[in-house]
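Colleague: Take this structure first; my questions come after.
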Ligand code: HEC
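Put into structure tokens, the structure is as follows:
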């Protein structure tokens, strides 16, 4: 089949469109990976002591405490509720003050990446 000039140009544009769409998608998933990585780093440094590395609520500091650190794998909280309890601490949302507030420690985007990360710990 002989392509006209117009068809050639259309084909070029179409391929160009596909390439840019795929690179945009790739960048989005890279950004998400970076956020998850940040969330994991903070979690492993600050949260694991109570919640345990898999979020089961069995970290070292959980021993002998009346209030168990929540099992994050079976959390029923919405993302917004998680964000609130992480930022303001347990007491501010009517739960135990054993869950500390982190809002002054981390930026908003760090707090969001924590929510993103703890969601990956969840078992269906
Ligand atoms: C000193 C111990 C301790 C540390 C450290 C800690 N938590 Fe908690 N966390 C708790 C306790 C205890 C609860 C349960 C409070 C309750 O049920 O009254 C809790 C509850 C939560 C909940 C609510 C989950 C649910 O479904 O009820 C989230 C989310 C959470 N913690 C996230 C975090 C994150 C993220 C970090 C680290 C930045 C962190 N916690 C650090 C003790 C801790």
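Residue numbers (UniProt numbering): 1 to 124. Each residue gets a CB set at the ideal place from its N, CA and C atoms; glycine is no exception.
1) Does DSSP put residue 53 in a helix, in a strand, or in coil?
2) On a Cα-Cα basis, can you pick out the residue from 98, 84, 110 and 86 that is closest to residue 62?
3) Out of 81, 71, 18 and 79, which has the shortest C-alpha to C-alpha gap to residue 56?
4) Determine the burial state of residue 52: buried for a count of at least 16 other Cβ atoms within 10 Å of its Cβ, exposed for fewer.
5) Taking the alpha-carbon positions, what's the residue 9 to residue 89 distance?
6) Exposed or buried, what is residue 109 when buried is set at 16 or more other beta-carbons lying within 10 Å of its beta-carbon?
7) Do you know whose CA, among 59, 42, 15 and 118, lies nearest residue 163's CA?
8) Do you know whose CA, among 66, 40 and 102, lies nearest residue 54's CA?
9) How should residue 122 be labelled, buried or exposed, when 16 other C-beta atoms within 10 angstroms of its C-beta is the threshold for buried?
10) Which runs of the alpha helix (DSSP H) fall wholly inside the UniProt domain "Cytochrome c" (34-122) and span at least 4 residues, in chain order?
11) Mapping the DSSP letters down to three states, classify residue 32 as helix, strand or coil.
Modeller: So, to answer that:
1) coil
2) It is 98 whose Cα lies nearest to the Cα of residue 62.
3) Comparing alpha carbon positions, the residue from 81, 71, 18 and 79 closest to residue 56 is 71.
4) buried
5) 59 Å
6) exposed
7) No answer is possible for residue 163: it lies beyond the span of the chain, which begins at 1 and ends at 124.
8) When each option's Cα is compared against that of residue 54, the closest is 40.
9) exposed
10) 48-51, 79-88 and 108-120
11) helix
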